[in-house]
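Inspection log for the structure reproduced underneath, given as structure tokens.
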Amino acid sequence: MSHTVSTPDLDIAYLTSGPSDGKPLVAAHGWPDDPHCWDGVLPELHAAGYQVFRPYLRGFGETRFREDGAMRSGQIGALGKDLADFLDALDLRDVVLVGHDWGARAAYVVGSLFPDRVRRIVAISAGHATNHPYAPLSWELSHAYWYEWFVATDRGRRAMHDDRRAFCRYLWRSWSPTWDFAEADFDAAAPAWDNDDWPQITIHAYLHRWGEAPGDPAYAAIEHQLAIPAPVLCPTVMVHGGADADNLPETSEGKEHLFPNGYRRIVLDGVGHFPPREAPGAVAEAILSPDSSEG
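Each residue of the sequence shown is one higher than the last, beginning at 177 in my numbering.
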């Protein structure tokens with residue numbers, strides 16, 4: 177079922193499914209994708225008693241800014257604050273917070289700076305603290321992030337505006353080289369990128385990530401805390417595709433020191449950048465596995 181909730185900055189569109197009196201689970205999608213990336217995972221979550229909330233991130237689908245003049249920022253602090261505001265607006269408590277790619281980065285922000293409503297986090301395909309402008313990068317990872325440098329050029333920015341479907345189809349194929357995705361699934365996700373804010377937010381996300389564009393001053397305090405980097409205070413399970421050709425598996429290795437309340441890493445052999453779509457059963461198992469040890 178589709179809904180909209182107002183936060184201080186956005187009218188956030190979201191989908192709900194599962195038992196109306198179920199335990200709350202919020203699943204945030206990545207880039208370039210949409211909330212239907214979780215479709216294959218949902219049956220097991222519902223059967224386990226979860227009501228699942230799937231928001232559209234800023235710039236996706238029917239999510240809209242409340243002020244026309246608001247900066248169309250894609251910085252991590254903004255994405256994280258959006259997700260924290262979403263939990264507040266719906267008054268969700270004791271939440272299992274699941275995020276893929278951009279959704280994982282947003283979940284880390286919530287777990288670091290706004291953890292009170294979150295029981296635990298399941299992060300997928302994006303390691304914590306891998307995006308500081310001066311962080312060391314292997315040449316392999318620099319090569320994988322070519323598209324993030326591409327948007328620094330006029331040609332790249334025009335592609336984001338004028339050729340976004342072909343651009344994203346290429347990324348889906350190259351980031352998950354072992355996955356033969358159905359064109360129908362791609363076509364179902366693509367309309368979420370027709371939002372007029374999508375190109376600007378995407379371009380700013382990567383320019384800001386590498387220190388090539390200033391952030392929105394409204395998130396300056398958050399960004400300062402994240403630059404330390406801030407530890408994630410919620411117990412976290414990290415799921416990474418062993419064949420991820422975007423955020424290489426190295427980006428989630430050796431992060432235990434940033435998770436004082438627990439960090440468990442699962443690598444899925446032969447799976448690329450989109451585990452919720454490529455291996456929904458394994459993702460559902462990772463999400464649900466801690467439940468057996470919790471009171």
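All C-beta atoms in this analysis are idealised placements derived from N, C-alpha and C, irrespective of residue type, glycine included.
Residue from the options with nearest C-alpha to residue i
i, options, result
"PRO436", "LEU424, ALA260, ALA406, VAL443", "ALA406"
"TYR232", "ASP210, ASP330, ALA246, LEU263", "ASP210"
"PHE357", "ARG230, ILE252, VAL447", "VAL447"
"PRO367", "ARG341, HIS205, GLU426", "ARG341"
"GLY245", "HIS449, TRP325, LEU383, ASP373", "ASP373"
"CYS410", "GLY387, GLU388, GLY438", "GLY438"
"ARG230", "MET247, SER314, HIS212", "HIS212"
"VAL217", "ILE463, LEU464, PRO456", "PRO456"
"TRP322", "PHE290, PRO312, TYR310, TYR382", "TYR382"
"PHE450", "ASP277, PHE262, GLU220, GLY225", "ASP277"
"HIS337", "ILE379, GLU220, ASP261", "ILE379"
"TYR395", "THR180, LEU317, HIS179, GLY256", "GLY256"
Paired residues, beta bridge with residue i - DSSP
i, result
"GLY417", "LEU444"
"ILE463", "In the DSSP output, where bridge partners are listed per residue, ILE463 has none listed."
"PRO168", "In the structure as shown, the chain starts at 177 and stops at 471, and residue 168 therefore has no counterpart that could be examined."
"ALA406", "Answer is none; ALA406 lacks a bridge partner."
"TYR439", "THR412"
"SER182", "ASP187"
"SER193", "VAL228"
Cβ-Cβ separation, residue j to residue i (assumed contact under 8 Å), whole Å
i, j, result
"ARG240", "LEU186", "7 Å"
"ILE252", "ARG281", "5 Å"
"VAL271", "ARG242", "In fact, because the Cβ distance is near 24 Å, the residues do not count as touching under 8 Å."
"GLU388", "ALA328", "6 Å"
"ILE404", "VAL274", "Their Cβ separation, rounded to whole angstroms, is 25 Å, which puts ILE404 and VAL274 out of contact at 8 Å."
"CYS419", "PRO353", "Residue 419 is actually Ala in this sequence, not Cys. About 6 Å separates the two Cβ atoms, so the contact holds."
Residue i vs residue j beta-carbon contact at 8 Å
i, j, result
"GLY237", "ALA283", "no"
"LEU259", "VAL228", "no"
"ALA265", "THR183", "yes"
"LEU347", "PRO208", "yes"
"SER301", "HIS384", "no"
"ARG248", "ILE398", "no"
"VAL298", "VAL408", "no"
"HIS222", "PRO195", "yes"
"ALA204", "GLY279", "yes"
"HIS304", "LEU424", "no"
"ALA460", "TRP351", "no"
"ARG345", "PHE326", "no"
"PRO466", "ARG269", "no"
"GLN401", "LEU263", "no"
"TRP369", "GLU324", "no"
"GLY250", "GLY225", "no"
"TRP355", "GLU454", "yes"
"ARG440", "SER428", "no"
Every unbroken beta strand (DSSP E) within the region 233 to 309, with a cutoff of 3 residues, ordered by chain
271 to 276, 294 to 300
*Quick one: complete beta strand (DSSP E) runs, 3+ long, within the region 364 to 402?*
none
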